Amino acid sequence: MRKQVDLSRLSPEEKWRVEHARMHAKHRGHEAMHAEMVLILIATLVVAQLLLVQWKQRHPRSYNMVTLFQMWVVPLYFTAKLHWWRFLVIWVLFSAVTAFVTFRATRKPLVQTTPRLVYKWFLLIYKISYATGIVGYMAVMFTLFGLNLLFRIKPEDAMDFGVSLLFYGLYYGVLERDFAEMCADYMASTIGFYSASGMPTKHLSDSVCAVCGQQIFVDVNEEGIIENTYRLSCNHVFHEFCIRGWCIVGKKQTCPYCKEKVDLKRMFSNPWERPHVMYGQLLDWLRYLVAWQPVIIGLVQGINYILGLE
């Protein structure tokens, strides 16, 4: 007879080896079943991707709202379940301030100072999340190259630190961009210089910003003390913070007034500013991964359970 192994006396590495051996013994001879599970996973991913693309093209507003809700709630469920209190505290603080800013952005009549407040808040979060993601990525790369040993830091601690920062930066970067896009549409439509469909309801003066509706005092060729003035290829002028928030944070690539295509590379000539545009594309990919991937995996597990696959 085989002796029972007392797992409490084993080291963590030995426990992992025992559990790994048990798993292999349990699933021995299930190759055909595993192949079916892989085919189900691939088929579900393909069908789900096609359905999501069609939904986004036909009903973008409902798609964006559902995606935003899932981005906001799904990580909260896992963090509460796994007792990640640090993330939970940051999530509550971010949600409280963002809820206040969103509330201000959806009021009618719109206070004149609200648009700049909204864009400054989301632009601040965008820059913080961008910097946090870069630091996290560098920490991960330094760990892979073994540079953490120079500071006598354990590889697992350095990797955990880098991955955590990378997740914080990417997650809040995605979340604030979605909230900023929603607030941008609502505020611009309320001001009257922008309409999601149709012509603007107000005439734009040459000295008024179409995003916030306030006066522009700095000439395009002048250097501003706080912020500069940008002129697009359509000759419409905007405050620097407003047009940055509109294009980069709000994910808009058209003029807020005439909807002409905006050349971001031409508008942001500084090479240090261009990575923000690429970073935004990365966040779009992460949005699908965080919001819809858990739903798809849950659907696959449900199909496997119904079919009796293990």
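Take the sequence shown: its letters are residues 140 to 449, numbered as in this note's numbering. All C-beta atoms, glycine included, are put in the ideal place defined by N, C-alpha and C. These numbers were taken from a predicted model, which means no experiment stands behind them.
Would you say residue i and residue j are within 9 angstroms of each other, going by their C-beta atoms?
{"i": "K247", "j": "T368", "result": "no"}
{"i": "V350", "j": "C381", "result": "yes"}
{"i": "W230", "j": "L215", "result": "yes"}
{"i": "P433", "j": "V185", "result": "no"}
{"i": "V357", "j": "E366", "result": "yes"}
{"i": "I355", "j": "A187", "result": "no"}
{"i": "T218", "j": "L227", "result": "yes"}
{"i": "Y258", "j": "A174", "result": "no"}
{"i": "L190", "j": "V439", "result": "no"}
{"i": "N203", "j": "D345", "result": "no"}
{"i": "I264", "j": "F233", "result": "yes"}
How big is the Cα-Cα spacing for residue i and residue j?
{"i": "N443", "j": "M176", "result": "7 angstroms"}
{"i": "I273", "j": "F242", "result": "31 angstroms"}
{"i": "K154", "j": "Q209", "result": "36 angstroms"}
{"i": "W431", "j": "T206", "result": "8 angstroms"}
{"i": "H375", "j": "A270", "result": "31 angstroms"}
{"i": "I267", "j": "F261", "result": "10 angstroms"}
{"i": "E315", "j": "Q193", "result": "25 angstroms"}
{"i": "W224", "j": "R370", "result": "45 angstroms"}
{"i": "M172", "j": "L446", "result": "10 angstroms"}
{"i": "P151", "j": "M298", "result": "19 angstroms"}
{"i": "M277", "j": "Y310", "result": "17 angstroms"}
{"i": "L256", "j": "N287", "result": "40 angstroms"}
{"i": "C397", "j": "G275", "result": "40 angstroms"}
{"i": "H378", "j": "H198", "result": "32 angstroms"}
{"i": "G352", "j": "T245", "result": "16 angstroms"}
{"i": "L283", "j": "G437", "result": "32 angstroms"}
{"i": "L221", "j": "A160", "result": "27 angstroms"}
{"i": "L149", "j": "M162", "result": "18 angstroms"}
{"i": "R156", "j": "K293", "result": "22 angstroms"}
{"i": "R383", "j": "L178", "result": "45 angstroms"}
{"i": "L428", "j": "Q251", "result": "37 angstroms"}
{"i": "P300", "j": "T183", "result": "Going by the sequence as given, residue 300 is Phe instead of Pro. Taking the straight line from one Cα to the other gives about 34 angstroms."}
{"i": "E295", "j": "L305", "result": "15 angstroms"}
{"i": "G285", "j": "L425", "result": "28 angstroms"}
{"i": "Q450", "j": "V240", "result": "Nothing about residue 450 can be read from this structure; the chain reaches only from 140 to 449."}
{"i": "Q392", "j": "R200", "result": "17 angstroms"}
{"i": "E412", "j": "E399", "result": "For E412, the pLDDT reaches just 47, beneath the cut-off of 50, and the residue's location in the model is therefore unreliable, leaving the point undetermined."}
{"i": "E362", "j": "V401", "result": "22 angstroms"}
{"i": "G441", "j": "D324", "result": "38 angstroms"}
{"i": "F281", "j": "G308", "result": "18 angstroms"}
{"i": "P414", "j": "E158", "result": "Note that P414 scores a pLDDT of 47, beneath 50, so its modelled location is shaky; the value from the coordinates is reported in the next line. Near 45 angstroms, if we compare the C-alpha coordinates of E158 and P414."}
Can you tell me whether DSSP reads residue i as helix, strand or coil?
{"i": "F377", "result": "strand"}
{"i": "T393", "result": "strand"}
{"i": "R197", "result": "helix"}
{"i": "K154", "result": "helix"}
{"i": "Q440", "result": "helix"}
{"i": "T368", "result": "strand"}
{"i": "V250", "result": "coil"}
{"i": "V347", "result": "strand"}
{"i": "Q354", "result": "strand"}
{"i": "E412", "result": "Confidence in E412 is poor, its pLDDT being 47 and thus under 50, which makes the residue's placement unreliable; the coordinate value appears in the next sentence. The answer is coil: DSSP assigns E412 none of H, G, I, E or B."}
For the putative contact between residue i and residue j, defined by C-beta atoms under 8 angstroms, what is the C-beta separation to the nearest angstrom?
{"i": "V302", "j": "V279", "result": "6 angstroms"}
{"i": "T253", "j": "M326", "result": "7 angstroms"}
{"i": "C373", "j": "C386", "result": "With 8 angstroms as the limit, C373 and C386 do not qualify as a contact, their Cβ atoms being about 13 angstroms apart."}
Just to confirm, does residue i get its C-beta within under 8 angstroms of one of the non-hydrogen atoms of the ligand ZN?
{"i": "R255", "result": "Within the structure as shown, the ligand ZN is missing, as the structure has no ligands at all."}
Of all Cβ atoms in chain C, is any one closer than 9 angstroms to the Cβ of residue i?
{"i": "Y444", "result": "Note that chain C does not occur in the displayed structure, where there is just one protein chain."}
Entirely within the region 179-244 and at least 4 residues each: give me those alpha helix (DSSP H) ranges in chain order.
Entirely contained in the region 179-244, the alpha helix (DSSP H) runs reaching 4 residues are, in chain order, 199-221, 224-244.
message: If we require 4 or more residues per run, which alpha helix (DSSP H) segments fall completely within the region 259-344?
response: Entirely contained in the region 259-344, the alpha helix (DSSP H) runs reaching 4 residues are, in chain order, 294-330.
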